[in-house]
Amino acid sequence: MTTDDPFHWRAGVLYAEDVSCEQLAQRFGTPLYVYSRAALESAYRAFDEAFAELPHRVCFAVKANSNLAVLQTLARAGSGFDIVSGGELARVLAAGGDPAGIVFSGVGKAREEMAAALDAGIGCFNIESVAELDLLDRTARDKGMSAPVALRVNPDVDPKTHPYIATGLAQSKFGIAIADAPALYAEAMQRPGLQVVGLACHIGSQLLDLDPFEDALDRLLELAGQLQAQGVPLAHLDIGGGLGVRYGDELPPSPAAYAARLKPKLAATGLAVHLEPGRAIAANAGLLLTRVHYLKASSARNFAIVDAAMNDLLRPALYDAWQEIVAVHPHNGEDEQLLYDIVGPVCESGDFLGKQRPLALRADDLLAVRGAGAYGFVMASNYNTRPRPAEVLVDGGNEHLARARETLEDLMRGEQLLPEAGNG
Ligand SMILES: *Cc1c(COP(=O)(O)O)cnc(C)c1O
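At position 304 of the sequence shown (counting the first as 1) the number is 304 in the working numbering, and the numbers step up by one without a gap.
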């Protein structure tokens with residue numbers, strides 16, 4: 001097995017590392033998320049090694065995949081973590097992540113979340129507004145603590161990605177305008193509950209071009225110089241995540257190419273570098289297995305109705321995202337290929353996993369949706385009262401049930417019927 005191809009064919013059957021996907025589906029049922037430990041580790045290492053010459057920390061963006069076994073795998077490899085909620089904090093701690101390697105991002109941190117992160121001793125709060133700065137200062141002072149902070153600025157560059165995943169434009173809800181940053185840093189330095197440690201940005205997701213990253217870095221560096229001249233004690237620059245991945249015919253830059261483009265400018269600062277990749281570590285380390293329930297032809301379309309739906313994998317419905325769909329055991333040469341819309345059982349026209357895909361299918365065939373390791377399970381819902389899928393982490397020839405399939409009991413937990421009607 002080569003680590004850059006954890007999912008590959010052996011004797012006409014798709015394998016995850018050394019385990020047949022057909023066998024996984026039989027053992028754990030479908031829909032089923034399957035992750036490769038080797039792929040997660042090698043993607044993490046690609047970033048770690050690309051920035052090896054600089055003091056750096058790779059903080060995996062937990063929102064991309066927050067399964068405990070996935071986080072544990074990355075923690076063991078040495079990863080830090082970028083979290084956006086108290087829930088993600090609890091997951092990282094439960095998975096054995098080092099609190100000092102945690103950065104807390106997000107526009108709406110609640111006081112209790114700040115308090116929990118202070119208690120845990122996280123490495124940095126990335127602050128996105130004056131009001132948030134104020135609340136963190138007060139929360140830390142109440143505890144007799146001083147919170148490590150960076151301000152997340154909005155460099156106002158166009159990342160040329162899907163509008164829903166662009167975050168670095170002036171009209172975005174994320175970050176602080178660069179022009180407002182110097183005054184805010186001056187303010188932060190006056191606050192006894194805050195300790196300024198860094199400067200952060202994150203411009204968007206699934207970026208396939210390095211120019212926006214470099215433009216953002218140029219603006220960040222100009223600001224960093226200004227802040228240092230103003231006496232702000234910066235220790236690190238957080239350049240965010242967002243590096244794109246290959247779902248189909250995209251040609252994303254490698255972590256090495258990304259690093260090569262940014263390193264000369266970063267090295268000149270002498271500051272440590274923090275990275276927050278999510279998708280680029282997890283997307284192609286996972287797939288979603290789903291079985292064909294029925295084939296159905298109308299005058300206009302051939303449908304393959306499968307047991308996974310938009311509630312299990314939302315990206316196609318939400319962003320019109322294209323993810324490769326392959327047969328786990330293709331009937332090559334035996335059956336004619338037709339163009340299929342691969343759709344789920346959910347009662348929405350937008351419920352599809354792929355459209356117009358050339359496949360030779362029979363009922364009960366097993367399909368794999370590739371590139372499902374990031375923004376897959378984490379976006380799953382119980383819409384239509386559908387239990388969320390199981391998740392399995394494969395390691396060589398071993399499979400570990402990382403999360404059991406939800407039961408209907410799980411789904412109804414916490415709900416209460418009305419009391420019996422009284423007779424008064
Ligand atoms: C979503 C997010 C990331 C990760 O983005 P990817 O595109 O998955 O790399 C990193 N940092 C912040 C602040 C984010 O919101």
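Ideal Cβ placement from N, Cα and C applies to all residues, glycine included. Quick caveat: nothing in here was measured; it's all calculated off a predicted structure.
If residue i and residue j are in contact, beta carbons under 8 Å, what's the gap, nearest whole angstrom?
i	j	result
L227	T269	Not really, about 11 Å apart at Cβ, beyond 8 Å.
A308	L339	The pair is not a contact, with the Cβ atoms about 19 Å apart (cut-off 8 Å).
L411	N382	6 Å
G376	G286	6 Å
V197	A150	6 Å
R291	L366	5 Å
A38	A256	The Cβ separation is near 19 Å, so there is no contact.
L32	P345	With a Cβ gap of about 16 Å, L32 and P345 do not count as contacting.
E113	G86	4 Å
C201	R152	6 Å
G147	L136	Position check: residue 147 holds Ala in this sequence, whereas Gly was assumed. Correct: roughly 5 Å between the Cβ atoms.
R463	N65	No information on residue 463 is available, as it lies outside the stretch 1 to 424 that the chain covers here.
Y44	L71	Rounded, the Cβ-Cβ distance is 11 Å, inconsistent with contact.
Pick out whichever of the options has its Cα sitting closest to the Cα of residue i.
i	options	result
E399	H293, K355, E22	E22
L54	L262, D410, D18	L262
L393	E41, A188, G12, D335	E41
L251	Q230, D209, A235	D209
V378	S20, E88, H8	E88
K355	C347, D365, R362, V369	V369
Y15	G414, V326, D82, S129	V326
I305	E17, A283, S172, C347	C347
S132	G121, V107, C124, E112	It is Glu, not Ser, that sits at residue 132 in the sequence shown. Per the Cα distances, V107.
G29	G397, G414, D364	D364
M310	E222, G350, E214	G350
A100	S129, R57, A77	R57
L221	Q206, D335, D211, I239	I239
N126	N154, D215, L74, K143	N154
L361	S299, L295, A372	L295
R301	V343, P330, D134	V343
E187	G333, D335, D218, Q230	Q230
A140	K63, R111, D158, V130	R111
A280	A259, K265, R246	R246
D142	A115, A321, G123, L353	A115
G78	A90, A95, K63, V84	A95
DSSP three-state call for residue i: helix, strand or coil?
i	result
T290	strand
A177	strand
T2	With a pLDDT of 46 at T2, under the threshold of 50, the modelled position of this residue cannot be trusted; read the value that follows with caution. Here T2 sits in coil by DSSP.
K143	coil
K355	strand
R301	coil
N154	strand
V107	coil
Q195	strand
E391	strand
D249	coil
L210	coil
D82	strand
L418	coil
V369	strand
N384	coil
L217	helix
V232	coil
P99	helix
L275	strand
G225	helix
D134	helix
E88	helix
I281	helix
P182	helix
A260	helix
Any heavy atom of ligand 1 within a distance shorter than 7 Å of the CB on residue i?
i	result
G242	yes
A209	Reading off the sequence, residue 209 comes out as Asp, not Ala. Result no, Cβ not under 7 Å from ligand 1.
P277	yes
S469	Past the edges of the chain, shown from 1 to 424, lies residue 469, and the structure says nothing about it.
Q206	yes
D82	yes
K430	For residue 430 there is no data in the structure shown, the boundaries of the chain being 1 and 424.
A110	no
A280	yes
H56	no
H202	yes
S105	yes
A374	yes
Does any residue of chain D bring its CB to less than 8 Å from the CB of residue i?
i	result
P6	Absent from the structure is chain D; it holds one protein chain and no more.
Within the region 9-79, ranges of the alpha helix (DSSP H) (whole runs, at least 4 residues): 21-28, 37-50, 68-77
Segments of 3+ residues assigned as beta strand (DSSP E) that fall wholly inside the region 311-366: 325-327, 338-343, 352-359
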